[in-house]
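Asks: Under our numbering, the first residue of the sequence shown carries the number 2, and numbering increases by one thereafter.
Even for Gly, the Cβ is constructed at its ideal location relative to N, Cα and C.
I have a structure I would like to understand better, so I am pasting it below and will then ask my questions one at a time.
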Amino acid sequence: MTERDDLEKMLKRLKKDFQRNVQPILKKHSYFISKGERTRLKKAKAIRRLRRKERQYSRAAG
Numbered sequence: 002m003t004e005r006d007d008l009e010k011m012l013k014r015l016k017k018d019f020q021r022n023v024q025p026i027l028k029k030h031s032y033f034i035s036k037g038e039r040t041r042l043k044k045a046k047a048i049r050r051l052r053r054k055e056r057q058y059s060r061a062a063g
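In structure tokens form, the structure reads like this:
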């Protein structure tokens, strides 16, 4: 393995890490969201997550 390959792998890992950890924080703080709106968004996200899991279980069972 050459140094260039190692460098490319490290760069790829850095990009993935940035997308997972830094980008969501930047997006979250890019504009103001009131506390009520934040709770509504959290509830909606939880409902979507539960419905997705229900679909997965129904497909696996049925």
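Excluding the five sequence neighbours on either side, which residues of its own chain have a C-beta within less than 8 Å of the C-beta of lysine 44, listed in chain order?
Replies: For lysine 44, where only same-chain residues beyond five positions count, there are no Cβ hits under 8 Å.
Asks: On the DSSP letters alone, give me the boundaries of the alpha helix (DSSP H) that isoleucine 34 sits inside.
Replies: Unbroken run through isoleucine 34: none, as it is neither H nor E.
Asks: Along the alpha helix (DSSP H) that carries arginine 14, what are the first and last residues, could you check?
Replies: Counting along the chain, the alpha helix (DSSP H) containing arginine 14 begins and ends at 4 to 18.
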